[in-house]
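**Q** The letter at position 84 of the sequence shown is residue 83 when you use numbering that gives the first Met the number 0, and the numbering goes up by one with no holes.
Structure incoming, see below.
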Amino acid sequence: MTSPSSSPLHPDLAAIRDREPVPSFAVRTADVRYEHDGTTLLGHLAAPDGDGPYPGVLVVHDWFGVGDHVRVRCEMLARLGYVALAADIYGEGVRPTTGAQASELARGFYGDLSLLRGRARAGLARLASEPGVDPSRLAAIGYCFGGSTVLQLARSGADLAGVVSFHGGLQTGPPGEAAAIRASVLVLTGASDPVVPDSAVTAWEDELRQAPEAEWQVVTYSGAMHAFTVPGTDAPEHGSQFQPTAERRSWVAMKEFLAEVLG
Numbered sequence: 000m001t002s003p004s005s006s007p008l009h010p011d012l013a014a015i016r017d018r019e020p021v022p023s024f025a026v027r028t029a030d031v032r033y034e035h036d037g038t039t040l041l042g043h044l045a046a047p048d049g050d051g052p053y054p055g056v057l058v059v060h061d062w063f064g065v066g067d068h069v070r071v072r073c074e075m076l077a078r079l080g081y082v083a084l085a086a087d088i089y090g091e092g093v094r095p096t097t098g099a100q101a102s103e104l105a106r107g108f109y110g111d112l113s114l115l116r117g118r119a120r121a122g123l124a125r126l127a128s129e130p131g132v133d134p135s136r137l138a139a140i141g142y143c144f145g146g147s148t149v150l151q152l153a154r155s156g157a158d159l160a161g162v163v164s165f166h167g168g169l170q171t172g173p174p175g176e177a178a179a180i181r182a183s184v185l186v187l188t189g190a191s192d193p194v195v196p197d198s199a200v201t202a203w204e205d206e207l208r209q210a211p212e213a214e215w216q217v218v219t220y221s222g223a224m225h226a227f228t229v230p231g232t233d234a235p236e237h238g239s240q241f242q243p244t245a246e247r248r249s250w251v252a253m254k255e256f257l258a259e260v261l262g
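Here it is, written out as structure tokens:
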């Protein structure tokens, strides 16, 4: 994956944003600070400019941290009538600029799932506390590292109506852990993703089958590599590449899913 640029907005990302029509209501955006165990986190909020109550969607970044990609996704969600908060898992000012830096940082969180889940829960609590949000109608979506994170959030038993993982890692857990999942789960993955191979998908599905109360589905996109939703990603030698068809179809699948679970 390539690191996100600060400006200008990648033209493909701008085109993706503008697929969602500008609504009749205004959309307000702001960076928001909140804390987790003494660490200041800097997220990004996008919301319809009204009293609500609106459903809330937590959006978790890829391994480069909060950047243009998740900010645009938040704005798109706000255009659809959701309050969207891009959670900051890393901490204010912690924004890797190279793949090596990002990989090392992400590995640290994968190695400390308690911290990862705690940071995600802090973002969810900040979202639920936002004026105009209906705390009984919350969902979470995430990309790559963020896709793994929202699945871990679901595993923690978080009170979510739904979770969507875009090309996220599919880690399994201790026996019986999947029974704690209360959210409906939608996994959107690439058929040509070496980071999440068929064996990982099968192992994850087999685990979820042992939790008969869990409600889940997996959609696989042909020809799609890792990071297929992130414009500017072009590293097929590392198994990562933007794929416009999978990006578009996965967003439509997410919209239909959120409309169902959030009502």
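Even glycine gets a Cβ: it sits at the ideal position worked out from N, Cα and C.
No experiment lies behind these values; they were computed from the predicted model shown.
Using CA coordinates, which residue listed in CYS143, ARG94, VAL82, ALA45 is at the minimum distance from VAL59?
**A** The sequence position of residue 59 within the sequence shown is 60, counting from 1. Ranking CYS143, ARG94, VAL82, ALA45 by Cα distance to VAL59 puts CYS143 first.
**Q** For the candidate residues LEU159, SER147, VAL184, whose alpha-carbon lies nearest to that of GLY168?
**A** Taking the first residue of the sequence shown as 1, we reach residue 168 at position 169. Per the Cα distances, SER147.
**Q** Give the DSSP-derived three-state secondary structure of LEU185 in the structure shown.
**A** The residue labelled residue 185 in the question sits at position 186 within the sequence shown. Strand at LEU185.
**Q** Taking the alpha carbon of GLN216 as the reference point, which residue from GLY161, ARG247, PHE241, GLY172 has its own alpha carbon closest?
**A** For the purposes of this step, residue 216 is taken as the residue at position 217 of the sequence shown. The shortest C-alpha separation from GLN216 is found at GLY161.
**Q** Just to confirm my understanding: we take ALA85, look at its own chain, exclude 5 residues before and 5 after, and list those with CB closer than 7 Å. What are they?
**A** Taking the first residue of the sequence shown as position 1, residue 85 is located at position 86. These residues qualify, in order along the chain: GLY42, HIS43, VAL58, HIS60, VAL65, VAL69, ARG70, CYS73.
**Q** For the alpha helix (DSSP H) containing THR97, name the first residue and the last one.
**A** As a working mapping, residue 97 is identified with position 98 in the sequence shown. Looking at the DSSP string, THR97 is not in any alpha helix (DSSP H), and its letter there is neither H nor E.
**Q** In terms of residues, what are the limits of the alpha helix (DSSP H) holding VAL251?
**A** As a position in the sequence shown, residue 251 is number 252, starting the count at 1. Boundaries of the alpha helix (DSSP H) around VAL251: 243 to 261.
**Q** Below 8 Å, how does it come out for the segment 99 to 112 and the segment 8 to 24: are there three or more Cβ pairs, yes or no?
**A** no
**Q** Counting C-beta neighbours from all protein chains within 10 Å, is the total for PHE24 16 or more, i.e. buried, or is it exposed?
**A** Translated into positions along the sequence shown, residue 24 becomes position 25. Looking at its Cβ environment, which holds fewer than 16 other Cβ atoms inside 10 Å, PHE24 is exposed.
**Q** Does DSSP classify THR39 as helix, strand or coil?
**A** The residue you call residue 39 lines up with position 40 of the sequence shown. Three-state result, THR39: strand.
**Q** So, helix, strand or coil for PRO235, using DSSP?
**A** The residue given as residue 235 occupies position 236 in the sequence shown. PRO235 falls in the helix class under three-state DSSP.
**Q** Is ARG277 buried or exposed, if buried means 16 or more other CB atoms sit within 10 Å of its CB?
**A** Residue 277 lies beyond the residue range present for the chain, which begins at 0 and ends at 262; the question has no answer from this structure.
**Q** Report the three-state DSSP secondary structure of HIS225 (helix, strand or coil).
**A** Taking the first residue of the sequence shown as 1, we reach residue 225 at position 226. Strand, per DSSP.
**Q** From the DSSP secondary-structure annotation, give me the bridge partner or partners of PRO263.
**A** Outside the shown range of the chain (0 to 262) lies residue 263, about which nothing can therefore be said.
**Q** Going by DSSP in three states, GLY80 sits in which element: helix, strand or coil?
**A** Here residue 80 refers to the residue found at position 81 of the sequence shown. DSSP places GLY80 in coil when its eight states are reduced to three.
**Q** Using a 10 Å radius around the Cβ and a threshold of 16 neighbouring Cβ atoms, would you call PRO47 buried or exposed?
**A** Sequence index remark: in the sequence shown, residue 47 carries index 48 (1-based). Buried.
**Q** Determine the direct distance from the alpha carbon of ALA178 to that of GLY231, and round the result to whole angstroms.
**A** In the sequence shown, counting from the first residue as 1, residue 231 sits at position 232. In the sequence shown, counting from the first residue as 1, residue 178 sits at position 179. If you take the alpha carbons of GLY231 and ALA178, they lie about 38 Å apart.
**Q** Put SER279 into one of helix, strand or coil per three-state DSSP.
**A** Shown here, the chain extends from 0 to 262; a query on residue 279 therefore has no answer.
**Q** Kindly indicate which three-state DSSP category TRP215 falls into: helix, strand or coil?
**A** To locate residue 215, count along the sequence shown from 1; it is residue 216. Here TRP215 sits in strand by DSSP.
**Q** Go ahead and pull the three-state DSSP assignment for SER198.
**A** Within the sequence shown, the letter at position 199 stands for residue 198. It is helical.
**Q** Do you know offhand how far ARG116's Cα is from LEU187's?
**A** For the purposes of this step, residue 116 is taken as the residue at position 117 of the sequence shown. For the purposes of this step, residue 187 is taken as the residue at position 188 of the sequence shown. Rounded to the nearest angstrom, the two C-alpha atoms are 21 Å apart.
**Q** By how many angstroms is the C-alpha of PHE227 removed from the C-alpha of PRO243?
**A** In the sequence shown, residue 243 corresponds to position 244, counting from 1. In the sequence shown, residue 227 corresponds to position 228, counting from 1. When rounded, the distance between both Cα atoms is 7 Å.
**Q** Helix, strand or coil for SER164, going by three-state DSSP, please let me know.
**A** Taking the sequence shown and counting its residues from 1, the one referred to as residue 164 is at position 165. SER164 falls in the strand class under three-state DSSP.
**Q** With DSSP as the reference, please indicate the residues paired to ALA210 in a beta bridge.
**A** In the sequence shown, residue 210 corresponds to position 211, counting from 1. According to DSSP, which records beta bridges pairwise, ALA210 is partnered with nothing at all.
**Q** Taking DSSP as the reference, what is the three-state secondary structure of VAL31?
**A** Working through the sequence shown from its first residue, we reach residue 31 at position 32. Here VAL31 sits in strand by DSSP.
**Q** PRO10 lies in the alpha helix (DSSP H); which residues open and close that run?
**A** Taking the first residue of the sequence shown as 1, we reach residue 10 at position 11. Counting along the chain, the alpha helix (DSSP H) containing PRO10 begins and ends at 10 to 16.
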